[in-house]
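Data first, discussion second: the structure below is written as structure tokens.
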Amino acid sequence: MTAAASFWLGTSWKMTKTLGEAGAYADDLRSAVEAGSVPPELRLFVLPAATSLATVRDRLDGSGVALGSQNAHPGPDGAVTGEVSMSMVRDAGASLVEIGHAERRTLLGETDNMVADKVAAAVSAGLTPLVCVGETTAERARGETPDVLARQVRAALSQLGRTRPTELLVAYEPHWAIGSEGRPATPAEVSEGLGVLRRALDEDLAGTPTSVLYGGSVHAGNAADLVTGLPVDGLFVGRAAWTAPGLLDLAHRSADALRRRTLHRPKPPDLVSAIVRKDPR
Ligand code: PGA
């Protein structure tokens, strides 16, 4: 796994927003970008409902904000009632596609096999997969978190064959941390999850630019601590970024925290003096 440059900050709007609301959000975001008030080190992304993808694409075109779909079917275009294909969401403006979100796994029965098929289909369609993984409350209580995360991420990559994504995003989103009933994971819990995922990705996907994000009840009060204290490559946000000011507030907090992270990073040992000390000729 190769760490990708810069820091991702994005939101899934889930099943919210009329066309009018989606367009207004996109307009606000575009104005902020044009006013220069989006920190340049951030890669912002928005995942609208499929109904507003094209509208948001038109409003954000050329703004640098990436657009994605919350889901897509892995099969080719054809007779699958109620679904949209990878190529259709790409045509509507998506460059990212979210796959395997906890709500889809628990409410809609999305399995590891379905996730694997979708990841392979996304890559073939030229989309960047944003794969969500995370353990349930019961799995955590049984001490299964590392096994579950490694299994989910390995399964997600299992249908790729020799094909390699140009870029991959993986979001660690413990099920118990998501939504209004959720409890945000502590930095220690996130750190454990990130470690497992990076090890699995290193083994299975060396050389592919991969970013590991955290999501689950991220809000203005905890974003900075998550960014400063952890080697996380991005934050994936639901409710707290369902308004453009909410996303922009998190953008500023994340950028400030990133600067603090850089300031506090331990300096690499001074190699020259270490060599001189070892071999003082
Ligand atoms: P939340 O959602 O921030 O509203 O908890 C996070 C997610 O589902 O990605």
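For the sequence shown, position 202 matches number 211 in this note's numbering, and the numbering has no gaps at all.
Backbone N, C-alpha and C define an ideal beta-carbon position, used for all residues, glycine too.
Between L178 and S226, the C-beta gap is not smaller than 8 Å, which leaves the two residues out of contact.
Restricting attention to F54, G73 and T25, the CA atom closest to the CA of G45 is found in G73. About 5 Å separates the beta carbon of L139 from that of L105, a gap short enough to meet the 8 Å contact definition.
Within the chosen limit of 7 Å, the ligand PGA does not reach the beta carbon of F54 with any heavy atom.
Annotation for E43: no beta strand (DSSP E) segment contains it, though the alpha helix (DSSP H) segment containing it runs L28 to E43. Sequence-distant Cβ neighbours of H110 in its own chain, meaning closer than 6 Å and more than five residues away, are C141.
Looking at L203, V42, R262 and R163, the one whose alpha-carbon comes closest to that of A229 is R262. Put simply, of V128, H82, L62 and A63 the residue whose alpha carbon is nearest the alpha carbon of T172 is V128. Taking the C-beta atoms as reference points, L214 is found nearer than 8 Å to L166. Annotation for G170 indicates a beta carbon at 7 Å or more from all heavy atoms of the ligand PGA. Following the DSSP letters along the chain, one finds A75 inside the beta strand (DSSP E) bounded by residues A75 to S78.
One thing to note: A58 has its Cβ within 8 Å of the Cβ of W22.
S78 has its Cβ no nearer than 7 Å to any heavy atom of the ligand PGA. Of the heavy atoms belonging to the ligand PGA, at least one sits nearer than 7 Å to the Cβ of I187. C-alpha of W17 to C-alpha of E50: approximately 9 Å in a straight line. Scanning its chain for C-beta atoms nearer than 7 Å, with the 5 sequence neighbours on each side dropped, one finds around A250 the residues T20, L256 and L259, in chain order. Of all alpha-carbon atoms in F54, G91 and H82, the one lying nearest the alpha-carbon of L69 is that of F54. By the 16-neighbour rule on beta-carbons within 10 angstroms, L56 is buried. Take T146, set aside five residues on each side of it, and the residues of its chain with a beta-carbon closer than 6 Å to its own are W185, in chain order.
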